[in-house]
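Asker: Okay, handing you the structure first.
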Amino acid sequence: MKSWRRTSVTIFLALFLACVLLFAFSFVSSTSYTGQSVADEYNISVGQSIFEGQSIVGINKTIEVPLLNNFGFIAHQIMAFDLQGILMTLSTGVVPFDFNSVSSEGIDSYGNAKDIEGPGYLTYEGDKLAVRGPDTYVWGYSAPYKLLCKTESGVDVIEGDKVVQSVPTDQIKNLNFTSDYYNNDTIVSWYNYDADVGSTFTLEKGIVGFSDGRSDIGSNLVPQIFGKEVTDYASEYPTGSPILLYSGNYTTEDGEVYGTSLGSHPEYGDSIREVNARQFVEAWNGTIIPPNSTSSGKDYVYFESASDSEAPGGSAAHGVCPSARALRAAVLAEGFGLPVGMDGSENAVLFGYNPASDITVTNNHDYPVKITMWTEGSGTGMGIYAKITRYIPNE
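Numbered per my numbering, the sequence shown finishes at 714, counting up by one with no gaps.
In structure tokens, the structure reads:
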């Protein structure tokens with residue numbers, strides 16, 4: 320046993336001495352690398368979102384280079400006390416790439432993200448690679464990722480920028496695409512009555528135009544990186560809506576509560592008006608608007624029509640105006656501009672604007688805000704309320 324121990328120590332010391340000598344030679348014979356040259360050569364996705372401990376080169380991927388021209392790279396195996404790795408390097412003649420040579424922050428010598436909290440991203444810092452943690456707030460915009468496109472003979476299923484399936488007209492009814500907001504009946508109705516050749520129907524949404532410049536992501540990555548609640552939120556709002564994806568260290572601060580009552584206008588049907596008032600509240604409650612961004616209310620919220628000879632087409636969604644007045648008061652008190660689709664009158668909502676998806680509110684703060692709306696009671700005396708909550712960053 321003692322003889323075995325002496326042999327092991329001797330082998331280790333010999334290997335250590337060899338590594339020191341190899342490291343000394345590295346200053347003469349190492350290949351020159353930059354962050355961009357490595358990213359280009361090995362298809363590393365700069366801009367990718369990444370978490371603590373994940374490899375920037377991808378799952379189950381490694382970069383190995385010839386030891387002969389990269390003697391210095393064995394140093395990170397020494398620092399990690401990776402005896403097995405050292406033996407493998409000396410026996411195979413290849414060494415794991417040492418990312419310390421091309422990184423500035425957030426990346427360890429083996430290419431794993433380190434010292435970040437939350438969804439970071441890979442970027443360049445000068446001629447180096449770096450993984451940066453998320454800003455206090457990260458937001459982007461929803462965009463179609465998986466969609467149907469009407470063709471002369473049916474529909475194409477498009478994912479990203481590729482057609483993955485072509486479906487003839489008589490098979491559309493058998494498509495198995497559903498969500499909380501559509502099903503096959505919805506798709507068939509769209510195809511038969513609403514769509515022209517070239518029209519599209521969004522099935523799933525990705526995120527583009529990130530506030531911190533990271534790469535766009537498809538619908539499959541949204542829940543993995545930012546959580547299913549973000550996917551659910553994006554599905555509720557029109558395509559192109561700003562989506563708050565991440566919030567770091569902040570404090571909430573509630574603004575004043577503004578309210579009104581439904582009132583009575585029997586000429587338009589007070590029961591219909593109550594339904595529409597509640598639908599307006601449903602459309603806007605929980606809407607979060609990122610800094611210096613503009614958002615509408617939810618998609619897929621529907622309103623009842625009431626006869627009105629003064630309205631275009633002879634009908635209008637009466638009952639939304641009391642709810643709109645509460646929202647308008649909260650928005651103006653916050654210092655925001657008058658919402659698009661509203662005016663300053665008692666009627667509040669302009670003809671021709673969908674009260675959910677066409678009216679828009681612009682947040683001119685440098686931090687996100689949340690719109691909260693609710694009702695109390697029922698009938699013509701029903702109270703309707705709105706407030707703005709500020710997400711103020713902590714210093």
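The beta-carbon is built from N, C-alpha and C at its ideal position, and this holds for glycine as well.
This structure is a prediction, so every number in the text was calculated from the model and none was measured.
Compute the Euclidean distance between the alpha carbons of D677 and L466, then round it to the nearest angstrom.
Answerer: Their backbone Cα atoms lie some 22 Å apart in a straight line.
Asker: Whose C-beta lies closer than 8 Å to the C-beta of V541 among residues of the same chain, with five residues either side of it excluded?
Answerer: Here the set comprises K524, G525, I526, V549, T550, A553.
Asker: Three or more C-beta pairs under 8 Å: does that hold for the segment 426-436 against the segment 468-483?
Answerer: At 8 Å Cβ cutoff, the stretches do not touch.
Asker: Rounded to whole angstroms, how far is the Cβ of S485 from the Cβ of D475, which I believe are closer than 8 Å?
Answerer: The Cβ separation is near 5 Å, so the contact holds.
Asker: Consult DSSP for T505 and reduce its assignment to one of helix, strand or coil.
Answerer: If DSSP states are grouped into helix, strand and coil, T505 belongs with the helices.
Asker: Excluding the 5 residues flanking L494 on each side, which residues of the same chain have their C-beta closer than 7 Å to its C-beta?
Answerer: Once the five neighbours on either side are set aside, the close Cβ partners of L494 are V486, N503, I506.
Asker: Going by the DSSP bridge assignment, what does F468 pair with across the sheet?
Answerer: Note that residue 468 is Cys in the sequence shown, not Phe. BP columns for C468 point to D475, T519.
Asker: Measure the C-alpha to C-alpha separation of A343 and D417 and round it to an integer number of angstroms.
Answerer: With a pLDDT of only 49 at A343, under the threshold of 50, the placement of this residue in the model should not be trusted; the figure read from the coordinates follows. Each residue's Cα considered, the two are about 16 Å apart.
Asker: Distance check for N568 and E436, CA to CA, integer angstroms please.
Answerer: Rounded to the nearest angstrom, the two C-alpha atoms are 11 Å apart.
Asker: Using DSSP with H/G/I as helix, E/B as strand and the rest coil, what is D531?
Answerer: Reduced to three states, the DSSP call for D531 is coil.
Asker: Which class does P585 belong to by DSSP, given the choice of helix, strand or coil?
Answerer: Helix, per DSSP.
Asker: Please return the same chain residues whose Cβ sits closer than 6 Å to the Cβ of G412, not counting the five positions on each side in sequence.
Answerer: These residues qualify, in order along the chain: L386.
Asker: Nearest to Y565 by CA position, among D531, P674, N595, V450, is which residue?
Answerer: Comparing Cα-Cα distances from Y565 to each of D531, P674, N595, V450, the minimum goes to D531.
Asker: Going by the CB atoms, is the gap between S560 and V600 shorter than 8 Å?
Answerer: Contact: no.
Asker: Just to check my reading of the structure: G574 and K689 have Cβ atoms closer than 8 Å, yes? What is that Cβ distance to the nearest angstrom?
Answerer: No, G574 and K689 are not in contact; Cβ-Cβ is about 10 Å, not under 8 Å.
Asker: What does the Cβ neighbour count give for P585, buried or exposed, with the cut at 16 atoms within 10 Å?
Answerer: Classification of P585: exposed, given that the 10 Å Cβ count is below 16.
Asker: Is the distance from the Cβ of Y658 to the Cβ of R644 below 8 Å?
Answerer: The sequence shown places Pro at residue 658, not Tyr. No, Cβ-Cβ distance for P658 and R644 is not below 8 Å.
Asker: Measure from the alpha carbon of I382 to the alpha carbon of each residue in A602, D427, I369, P415, then state which is nearest.
Answerer: Comparing Cα-Cα distances from I382 to each of A602, D427, I369, P415, the minimum goes to P415.
Asker: Between which two residues does the alpha helix (DSSP H) holding L651 run?
Answerer: Counting along the chain, the alpha helix (DSSP H) containing L651 begins and ends at 639-652.
Asker: What are the start and end residues of the beta strand (DSSP E) that includes I690?
Answerer: Counting along the chain, the beta strand (DSSP E) containing I690 begins and ends at 688-695.
Asker: Just curious, the beta strand (DSSP E) that S374 is in, first and last residue?
Answerer: Segment: none, S374 is in no beta strand (DSSP E) and carries neither H nor E.
Asker: What first and last residue would you give for the alpha helix (DSSP H) that runs through D359?
Answerer: Note, D359: alpha helix (DSSP H), 354-360.
Asker: Indicate whether the contact test is met: 3 or more Cβ pairs, each with one atom in the segment 445-460 and one in the segment 354-367, closer than 8 Å.
Answerer: The segment 445-460 is in contact with the segment 354-367.
Asker: Quick one: which unbroken alpha helix (DSSP H) runs of 4-plus residues sit fully inside the segment 540-619? Chain order, please.
Answerer: Correct list: 541-545, 547-555, 589-603.
Asker: So, is N713 buried or exposed, given that buried needs 16 or more other C-beta atoms within 10 angstroms?
Answerer: Exposed, by the Cβ-count rule.
Asker: Ignore the nearest five residues each way along the sequence and tell me which others in G372's own chain have a CB closer than 8 Å to its CB.
Answerer: If we look at G372 and ignore the five residues flanking it on each side, its Cβ neighbours are N431, A432, K433.
Asker: Could you say which of Y672, T606, L581, E665 lies nearest to P687 if we only look at CA atoms?
Answerer: With distances taken between Cα atoms, P687 lies closest to T606.
Asker: Compare the beta carbon distance of V668 and V639 with 8 Å and say whether it is the shorter of the two.
Answerer: Going by C-beta atoms, V668 is nearer than 8 Å to V639.
Asker: Using only alpha-carbon positions, find the residue among D618, G656, E653 that is nearest to Y500.
Answerer: Of the listed residues, the one whose Cα sits closest to Y500 is D618.
Asker: Tell me the DSSP secondary structure of M661 in three-state form.
Answerer: In the structure shown, M661 sits in a strand (DSSP, three-state: E or B).
Asker: Give a yes or no on whether the C-beta atoms belonging to P631 and G671 are separated by under 8 Å.
Answerer: For P631 and G671, yes; Cβs fall inside 8 Å.
Asker: What separation, rounded to the nearest whole angstrom, lies between the Cα atoms of L563 and N604?
Answerer: Computed Cα separation, rounded: 15 Å.
Asker: Looking at the structure shown, is A394 part of a helix, part of a strand, or coil, going by DSSP?
Answerer: Of the three classes helix, strand and coil, the one that applies to A394 here is helix, per DSSP.
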